[in-house]
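Residue 1218 is where the sequence shown starts when you use my numbering, and the numbers rise one by one after that. For glycine and all other residues, C-beta sits at the position ideal for the given N, C-alpha and C.
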Amino acid sequence: MTEQWNDNLPIYRQIRDRVARLIMDGTFPAGNAIPSVRAVASESQVNHLTVGKAYQELVDEGVLEMRRGLGMFVNAGARETLLKQEREAFVSEELPATLERIKGLGISIDDFISMVKVTDSQDGEPQ
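As structure tokens, then:
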């Protein structure tokens, strides 16, 4: 598994975000071990210290737990913690830019909401 790295974001952060996505989508459920630092480093062709830094960030966030001699495990509630972080980031960072773009295009909020509902219903989930 060779990664394509984004030069604008530190590799450890990209690894952290990838592990977070895998936790959020259920690939790594609560209570389960995640791949070892050395395994990820080898597969991703990066230094093990880079992977360790990514994992440590998730430990600091309360998402992962290190069990001495056993490895890293996903904490109970990790998915919810990550989803909350993602929602907060969306509301504080992405939503304002989206609203600015909508206003710049001359689309009213009500029209935008209608467009979202139509698009969502086309995806098979009517509102």
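Taking the beta carbon of leucine 1266 as the centre, do at least 16 other beta carbons fall within 10 Å, making it buried, or is it exposed? By the neighbour-count rule (16 or more Cβ atoms within 10 Å), leucine 1266 is not buried but exposed.
| Going straight from the alpha carbon of valine 1335 to that of glycine 1323, what length do you get? | 19 Å
Curious, which full-length beta strand (DSSP E) runs of at least 3 residues does the region 1258-1294 contain? 1281-1284 and 1288-1291
*Per DSSP, what kind of secondary structure is alanine 1250 in: helix, strand or coil?*
strand
Problem - Member of Ser1259, Leu1281 and Arg1285 whose CA lies at the smallest distance from the CA of asparagine 1292 - result: Leu1281
- Message: Which residue marks the beginning of the alpha helix (DSSP H) containing leucine 1239, and which one marks its end?
- Response: 1228-1241
Practice problem: Run the CB neighbour count on glutamine 1231, radius 10 Å, all protein chains shown included, and call it buried at 16 or more, exposed below. | Solution: buried
Subject >> arginine 1284 burial status per 10 Å Cβ neighbour count (16 or more: buried) >> reply: exposed
For serine 1261 versus glutamate 1220, is the C-beta spacing smaller than 9 Å?
In contact: serine 1261 and glutamate 1220 (Cβ atoms closer than 9 Å).
query = With burial defined as no fewer than 16 other Cβ atoms inside 10 Å of the residue's Cβ, what is the status of arginine 1304: buried or exposed?
reply = exposed
Hey, tyrosine 1229 and valine 1254: beta-carbon distance below 9 Å or not?
-> no
* Asked: Cα separation between proline 1227 and glutamate 1310?
  -> 19 Å
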